[in-house]
Amino acid sequence: MALTEKDIFCKVLKSIRAPDGYTSNILKCVQIEKRTIGGLKSHDNHVLMQNLLPIAVRRALPKHVVDVLIELSTFFRKLCSNVNDKFELEKIQDRIALTLCHLERIFSPSFFDIMEHLPIHLAKEALIAGVVQYRWMYPIERFLMTLKKYMRNKAHPEGSIAKGYVLEECMTFCSRYLSDVESNVYKLPRNNDGNHNNDRLIGNGKRFHLNHVTWVQAHRYMLGNSDAVKSYRDLHMSQLRSDFPRTKRKEIEQLHHERFHEWFKEYIGNLRISSSESLPEDIITLSKGPSDWGMRHKACIVHGFRFRVKSYDATKKTQNNGVFCSAYTSCYASSKDKRPQIGAVQYYGVLTDIIKIHYSSNLQYILFKCDWINNEKGLKVDDFKFMLVNFNHVMYTGESILMNLTFFQLKQSKSGMLMNHLNQNGKWFLMASKRKQNGKAMMDVIRETVDFCAVHDPSLRNRGCSKPIVRWNSGVKLQLELTPDKKIDGPDRIVFKTQLRVLARNSYRFPLIYTSFCEIPQHLLDDLWYEIK
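Structure (structure tokens):
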């Protein structure tokens, strides 16, 4: 690297504000004046190799060098993942040889020794022995460091270590009988949220009055995402389609979102008067709406992730206000589109508020308010496949209540992705995901809807997914053969493959949230097999 390139590399690392618990304070390890990096821990080196190195070199080195370093970082990131994927491991095993050849063309021969050629064997070892985290030496090295701390008498190191180990075991044994004393055995993780049903709010919070816009936004969100209210949402959509038979589906969904909370309150009130059957207490409470007073907090821990609002996070050394989620929603190609597709859409945003609303003493919810990036204007991908976002282009900035859909909630047993961003020319920021550090497997997407109007009614008669195929319902069986190597052959194999492609394109048959064929529920597979037969 030239001096200017070293300056850029060090400045990028110096400007990083990593999420809480992601790394140690790397800022102290970077010396811009001396253009050096030192004092990193083993875990910091892993984070630097797998995630931060591609970000730091992307603007400091030529493109052909950056491409090779990104391939190397991708290799170690996939190798050290929480779950082994046989297909991915075989893919990186074939690719790492070519990556090392490219490195040999860039770096001098003196750079390469046995350690630089070691990655050739790592993917095969992972295929044979399993996940890397169960086999590497870091836990053993940490335990050896603990044993070294027991040594007080350098003349007799073995006896000193043995005595210290026995004392530690005795203290651990006694601490198990002291329920009111916090010990290392029962010490909870830093970002522990209690259990799967409760989010952990940090601080006492501040009581505030919900204005009309905030009250309507929060109430609409809870009604639009509550499983207990689903049957009432379907009933309201059916009534709207009966009242407005010539109205477009998109406009029906907007009317449903705008009017449902008022209709739901009136409908439940009439049921309580006219019907002799008792309604669930939760339904009655939800129909009345939340209290006008709520609690505002600055930080919250959800599923092992620490979140802080943007205004409070600006004064911290770490960055915990970035939010990422994947929503299962309806997508329209244009304003005239009558056939929306349902699939997963990624949203990026910044956390601006954390509020707790009260429906009753037993029914309370924690909601996040975010500034969501406009996916049409505020997102782009650079030459190295990094996602860049522009916070000058956010959604839901209109005055209308209908347009201000800014609340969302992390559902139970779901994990959010915390984003770290680096400034680029003052407008565009680079987004990178944070992985959980507690060793538990993390879901990469939130398979839960966060929109308010995407409702799919299976009773609607729509054009079937197989209409473009002329021979689909001709009643003539396709002539197919199965070769010994389990491949489809025969005179009608092209028609059969075309029909399968049409089925696969149908989002109701194969929703976009499923990344593998094995994850598709059995009832969808049964419907698919019925059409194939």
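In this text, residue positions in the sequence shown follow full-length UniProt numbering: the first is 1, and each later residue adds one.
Here a beta-carbon is modelled for each residue, glycine too, at the ideal position from N, C-alpha and C.
Nothing here was measured: the structure is a model prediction, and the numbers come from that model.
Does the separation of the CB atoms of I366 and C325 fall below 8 Å? no
Does DSSP put V229 in a helix, a strand or coil? helix
Closer than 7 Å by C-beta to R135: which residues in its own chain qualify, once you throw out the five before and the five after it? Chain order, please. A129
For K206: DSSP bridge partner residues: R296
Could you check whether T352 and W298 sit closer than 8 Å to each other, using their CB atoms as the reference points? Note that residue 298 corresponds to Lys in the displayed sequence, not to Trp. Their beta carbons are not under 8 Å apart, which means K298 does not touch T352 by this criterion.
To the nearest angstrom, how far is it from the Cα of I355 to the Cα of I202? 12 Å
Residue from I106, C80, S361 and M395 whose Cα sits closest to the Cα of K369: M395
What residues are listed by DSSP as bridge partners for V394? I373
Reduced DSSP category for T36 - H, G, I as helix; E, B as strand; rest coil: strand
Who are S175's beta bridge partners in DSSP? None; S175 has no bridge partner.
If you reduce the DSSP assignment to three classes, tell me which class A162 lands in. helix
For a test of the three-state rule: what should DSSP assign to T146, helix, strand or coil? helix
Report buried or exposed for A314, applying the criterion of at least 16 other Cβ atoms within 10 angstroms of its Cβ. Exposed, since its Cβ has fewer than 16 Cβ neighbours within 10 Å.
Which of helix, strand or coil DSSP assigns to K414: Confidence is the limiting factor: at K414 the pLDDT is only 40, short of 50, which leaves the residue's position unreliable and the question unanswerable from this model.
Between the C-alpha atoms of D20 and V350, what's the straight-line distance to the nearest angstrom? 16 Å
Using a threshold of 8 Å, state whether the C-beta atoms of T285 and L363 are closer than that. yes
So, under 8 Å CB-CB, I96 and I120 are touching, yes? Tell me the CB distance rounded to an integer number of Å. 6 Å
Over what stretch of residues does the beta strand (DSSP E) that includes residue 534 continue unbroken? Not covered by the structure: residue 534. The range shown for the chain is 1 to 533.
CB-CB under 8 Å to N374, same chain, minus the five flanking residues each way: which ones, in chain order? H393, V394 and M395
Residue burial classification, A126 (beta-carbon count within 10 angstroms, cutoff 16): buried
Which residues DSSP lists as bridging V389, in chain order: L379 and F429
Coarse secondary structure for G269, derived from DSSP in three states: helix
Exposed or buried, which one is E376 when buried takes at least 16 other CB atoms within 10 Å? The residue in question, E376, is exposed, as its Cβ has fewer than 16 Cβ neighbours within 10 Å.
Other residues of its chain near E90: CB distance less than 8 Å, five sequence neighbours each side excluded: Exclusion of the five residues before and after E90 leaves A123 and L127 as the residues of its chain whose Cβ lies within less than 8 Å of its Cβ.
Boundaries (first-last residue) of the beta strand (DSSP E) holding R306: F305 to R308
When we look at the beta-carbon of T4 and count the other beta-carbons within 10 Å, is it buried (16 or more) or exposed? exposed
For I92 versus L100, is the C-beta distance shorter than 8 Å? no
Report the rounded CA-to-CA distance for L271 versus D227, giving the unit in angstroms. 19 Å
Using beta carbons (cut-off 8 Å, strictly below), is S231 in contact with chain B? The structure shown contains no chain B; it holds only a single protein chain.
Looking only at its chain, what residues have a beta carbon closer than 6 Å to the beta carbon of S160, apart from the 5 residues adjacent to it on each side? M151, R152 and N153
If you compare alpha carbons, which of F305, V131, Q217 and Y232 is closest to P189? F305
Using a Cβ distance threshold of 8 Å, determine whether the region 255–272 contacts the region 223–240, with at least three qualifying pairs required. By the Cβ rule, the region 255–272 counts as touching the region 223–240, because three or more pairs are nearer than 8 Å.
Contact under 8 Å by Cβ, W215 with P280: no
Give me whichever residues DSSP pairs with E481 in a beta bridge. In the DSSP output, where bridge partners are listed per residue, E481 has D489.
Between V47 and the rest of its own chain, which residues show a CB-CB distance below 6 Å, the 5 nearest in sequence each way excluded? Cβ neighbours of V47 beyond the five flanking positions: T23.
Opposing strand residues paired with Y365 [DSSP bridges]: I357
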